[in-house]
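Asks: According to my numbering, the residues represented by the sequence shown are 85 to 176, in order.
Please find one structure pasted underneath; my questions will follow.
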Amino acid sequence: WVYINEQQSGTKGLIVVRASDNSFKAYDRNAPHICPDSNTTLEVQDNIRIVCPKDNAQWILLTGQPTAVANVQPKTYLYNYDPAGKILNIYY
């Protein structure tokens with residue numbers, strides 16, 4: 085996984101996760117259940133979960149499935165991956 089904080093990368097940046105050789109997840113880092121609010125930029129913890137620092141809501145990193153507090157998944161973005169060129173395009 086990696087954080088992407090470039091201009092026009094989600095509302096508070098992205099978390100991009102490689103789920104398998106050719107499969108990715110691109111999550112918006114804005115907490116989906118309490119936005120807009122302060123201290124709601126999602127963070128990866130222990131390489132297995134996404135956590136909201138404001139209320140400790142949690143999601144499974146590889147699937148986005150909520151496991152605590154929240155009942156909605158983080159917003160995801162479509163992508164296209166070219167394995168030959170190893171190029172990942174994320175569509176905002």
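Just so it is clear, CB atoms sit at the ideal spot from N, CA and C, and this is done for glycine as well.
Can at least three beta-carbon pairs, one atom from the segment 112–126 and one from the segment 162–172, be found at a separation below 8 Å?
Replies: No: fewer than three Cβ pairs fall under 8 Å.
Asks: On the three-state DSSP scale, how would you describe Arg113?
Replies: Looking at Arg113 - three-state DSSP - the assignment turns out to be coil, as it is neither helix nor strand.
Asks: By the three-class DSSP mapping on this structure, what secondary structure does Ser104 have?
Replies: Correct three-state label for Ser104: strand.
Asks: Give every residue of the same chain whose Cβ lies closer than 7 Å to the Cβ of Gly148, excluding the five residues on either side of it in the sequence, and list them in chain order.
Replies: Lys109, Tyr111, Gln157, Pro158, Thr160, listed in sequence order.
Asks: So, for Thr124: in the same chain, excluding its five sequence neighbours on each side, which residues have a beta-carbon less than 7 Å away from its beta-carbon?
Replies: So the list reads Asn114, Ala115, Ile118, Cys136, Lys138, once near-sequence residues are dropped.
Asks: Rounded to whole angstroms, what's the CA-CA distance from Ala154 to Val128? Just pull it up for me.
Replies: Those two C-alpha atoms are separated by around 16 Å.
Asks: I'd like to confirm the pairing. Which residues does DSSP put opposite Pro150 in its beta bridges?
Replies: BP columns for Pro150 point to Trp143.
Asks: Taking the beta carbon of Gln142 as the centre, do at least 16 other beta carbons fall within 10 Å, making it buried, or is it exposed?
Replies: Label assigned to Gln142: buried.
Asks: Going by beta-carbon coordinates alone, are Gln91 and Tyr176 separated by less than 8 Å?
Replies: Contact: no.
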